[in-house]
Amino acid sequence: MSGVIVVLGRQGSGKGTQCALLQRRYGGIVHVSTGDMLRDAAASGSPLGRRAEAIMATGELVPDDVMCDVVAERLGPLLESGITVLLDGFPRTPAQAASLAGMTAADGLLGAVLLDVDVAEVSERMLARGRHDDTAVGIARRLELYEEQTAPLVDWFSERAMLQRIDGTGTPAEVFERLTAAVGGLVPLRLSR
Ligand code: AMP
C-alpha cells in the first residue's frame, strides 16, 4: 500500500519540522518538500536551481509546469516502491492539485492534513528562524500568495472529504501527537527500527 498524504499549512506552520519527525519515527514514510528540493537544486547550481533561486528570493512561485514535472519525477519511483509520501509544499495552486490527482493512481491520494496556525504566529516564527528568504517583504508576499493560491486547496480537499484540520499551535511534541493521530488514520504506522 502506498500513496500521498498532502500536508498543507502556511509557511512557518511547522510542516517541514513535523514531516521530518514523522519520517524519522515511522518506517515506509518519506518526507518530500518541494521547497527543500528547490533549495538543493539552487545549491547545486543546476539550470532549474538557478531559475528557482531567483524566484524564491522574491517570494513568488515557480511556474506550475516546472513544479509539476519536478514532483512527478520524484513521486513516480517512490509510489512504485510502495512508500507513503508526505508531500510538503505541493500542491500550492489549483493547477498543481489537478496535476497531483492525475499523477496518483485512483486511490493513491490518501488525504490532506492542514496544520492550522494563524498569520501573526507564522510571521513571528519565520522572522525568528531567519532563513535567507525570510525577509519581512518576502514573508508578507509568500503569505499573500498562500491566501490567494493555496488556501482554496483547503476547500478542494474538504469538498472531497479528504481534509483533516489540526491545531498547529503548542509545543512541537503536542503538534506531533495530533499529526501522528491524523496520519495514523490514513495509513498504518509502524515504528522504525
Ligand atoms: P517552502 O520551503 O515550501 O516555503 O518553499 C520555498 C519557495 O520555493 C517558495 O517561496 C516558492 O518560491 C518555491 N516553491 C516551493 N514549492 C513550490 C510549489 N509547489 N510551487 C511553486 N513554487 C514553489
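1 is the number of the first residue of the sequence shown in our numbering; add one for each residue after it. Beta carbons are placed, not taken as given, at the ideal position from N, Cα and C, and that holds for glycine.
Apply the 10 Å Cβ neighbour rule to Ala57 and answer buried if 16 or more other Cβ atoms are within range, or exposed otherwise.
Position 57 of the sequence shown, counted from the start, is the residue given in the question as residue 57. Exposure of Ala57 is indicated by the presence of fewer than 16 other C-beta atoms within 10 angstroms of its C-beta.
For the ligand AMP, any of its heavy atoms closer than 7 Å to the Cβ of Ile55?
Stepping through the sequence shown from its first residue, residue 55 is reached at position 55. The answer is yes for Ile55.
Is Ser35 near the ligand AMP, in the sense that its beta carbon is under 7 Å from a heavy atom of that ligand?
In the sequence shown, the residue the question calls residue 35 occupies position 35. The amino acid at residue 35 is misidentified as Ser; the sequence shows Gly. In this structure, Gly35 has its beta carbon less than 7 Å from a heavy atom of the ligand AMP.
Selected residue, minimal CA-CA separation from Pro94, among Leu87, Thr84, Glu148 and Glu73:
Position 94 of the sequence shown, counted from the first residue, corresponds to residue 94. Closest by alpha carbon: Glu148.
With respect to 7 Å, is the separation between the Cβ of Met162 and the closest non-hydrogen atom of the ligand AMP below this value?
Here residue 162 refers to the residue found at position 162 of the sequence shown. For Met162, the shortest separation between its Cβ and any heavy atom of the ligand AMP does not lie below 7 Å.
Cβ distance (whole Å) where Val6 is taken to contact Leu87 below 8 Å
The residue given as residue 6 occupies position 6 in the sequence shown. The residue given as residue 87 occupies position 87 in the sequence shown. Right, the Cβ-Cβ distance comes to about 5 Å (below 8 Å), so this counts as a contact.
Indicate whether Thr116 and Gly9 have their beta-carbon atoms separated by less than 8 Å.
One-based indexing of the sequence shown puts residue 116 at position 116. One-based indexing of the sequence shown puts residue 9 at position 9. The displayed chain sequence assigns Asp, not Thr, to residue 116. Yes, the Cβ-Cβ distance between Asp116 and Gly9 is below 8 Å.
Please confirm whether Thr84 and Ile29 have their CB atoms less than 8 Å apart.
In the sequence shown, counting from the first residue as 1, residue 84 sits at position 84. In the sequence shown, counting from the first residue as 1, residue 29 sits at position 29. Closer than 8 Å, so yes.
If you follow the beta strand (DSSP E) that Gln164 is part of, which residue opens it and which one closes it?
Against the sequence shown, residue 164 aligns to sequence position 164. Gln164: member of the beta strand (DSSP E) spanning Leu163 to Asp167, first to last residue.
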